[in-house]
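Okay, so here's the structure we're looking at.
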Amino acid sequence: MAALILLLLFSSGCSGAAVQTPATETKAAAPSTSPHNTSTAEPPTLPPPTPTSPPPTAYPLPTLIDTNEELPSITVCAAGCSYRTLQAAIDAPGTNDSAIIEIRDPIHSEAGIVVNKSVTIRGLGPDETIVQASETPEDAPDRVFY
């Protein structure tokens with residue numbers, strides 16, 4: 029652009045001594061409508077933003093409970109649970125097909141359990157719960173679940 033200004037000044041008959049270089053030029057350039065406007069004019073002053081509420085979230089807020097893990101609806105243990113035996117928990121009128129029965133004792137002894145509903149029976153973990161027919165192997169030759 030400086031070359032174009034110099035060329036115009038020389039072609040109009042001005043001497044080289046009268047030409048100002050862009051470094052010493054103090055006149056501001058007129059605003060251009062070109063998309064490549066390089067004007068250094070100050071942008072207009074905008075009012076300060078007003079506080080607004082945050083936009084609604086597209087996802088629900090996280091909860092403190094892991095919703096992938098269902099809580100047991102029925103518990104079985106020697107004392108302090110819903111039932112003392114698995115069979116009593118399975119046979120109870122309130123036990124539906126989607127019930128979760130949790131064994132809370134580390135070792136649960138009960139023989140001949142008939143599971144005739146689509147319930148989930150779970151313990152405290154694979155290495156934490158044992159379901160056995162009897163405390164002595166000689167007394168329990170049959171299986172635990174039917």
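For the sequence shown, this note's numbering assigns the number 29 to the initial residue and increments by one for each residue that follows.
From the three backbone atoms N, C-alpha and C, an ideal C-beta is built for every residue, glycine too.
As the structure is a prediction and not an experimental result, all values here were calculated from the model.
Check, Outcome
"For the candidate residues 171, 72, 156 and 147, whose alpha-carbon lies nearest to that of residue 133?", "156"
"In this structure, what does DSSP give as the bridge partners for residue 115?", "Answer is none; residue 115 lacks a bridge partner."
"Between residue 124 and residue 101, what straight-line distance do the alpha-carbon atoms span, to the nearest angstrom?", "10 Å"
"Hey, out of 122, 137 and 121, whose CA is closest to residue 112's CA?", "137"
"Considering residue 131, what are the terminal residues of the beta strand (DSSP E) in which it resides?", "128–131"
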